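Anchor point for the sequence shown: position 20 equals 33 in my numbering, and the numbering is continuous, going up by one each time. Working notes, structure below.
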Amino acid sequence: MANTKSAYKRIEIAERNRLRNKAYKSTVKTLIKKTLVSISVLSSSNISSVKKLMSLTYSKIDKAVQKGVLHSNNGDSKISFGQKFLKNVS
Numbered sequence: 014m015a016n017t018k019s020a021y022k023r024i025e026i027a028e029r030n031r032l033r034n035k036a037y038k039s040t041v042k043t044l045i046k047k048t049l050v051s052i053s054v055l056s057s058s059n060i061s062s063v064k065k066l067m068s069l070t071y072s073k074i075d076k077a078v079q080k081g082v083l084h085s086n087n088g089d090s091k092i093s094f095g096q097k098f099l100k101n102v103s
């Protein structure tokens, strides 16, 4: 248990950051799932929507890396996986 005022503040800050990081990770995971589903049902009519979704997903992954939520190697791995998945499907 914290004994000082600053220690209590650090506990509050750590909890706030944990919740923020959790939200970022959840958003990234959801977008990755949506992207993979849209790639798997890829057709010539929905290519533009898939590209927009992929762009948004990559942007969110990069933003999570910038914020320190994901490690840069982890973010690069997620992006690479999406690109490989698209290449194998099409």
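Backbone N, C-alpha and C fix where the C-beta goes; we use that ideal spot for every residue, glycine too. These numbers were taken from a predicted model, which means no experiment stands behind them.
Please report the distance separating the alpha-carbon of residue i from that of residue j.
i: residue 80; j: residue 22; result: 21 Å
i: residue 62; j: residue 18; result: 51 Å
i: residue 90; j: residue 39; result: 17 Å
i: residue 92; j: residue 29; result: 27 Å
i: residue 86; j: residue 56; result: 31 Å
i: residue 95; j: residue 54; result: 14 Å
Do residue j and residue i come within 7 Å of each other at the CB atom, strictly closer than that value?
i: residue 77; j: residue 83; result: yes
i: residue 52; j: residue 98; result: yes
i: residue 50; j: residue 74; result: no
i: residue 43; j: residue 67; result: no
i: residue 36; j: residue 24; result: no
In three-state DSSP terms, what is residue i?
i: residue 16; result: coil
- Task: Kindly provide the ranges of any beta strand (DSSP E) runs that are 3 or more residues long and lie completely inside the region 19–95, ordered along the chain.
- Result: none
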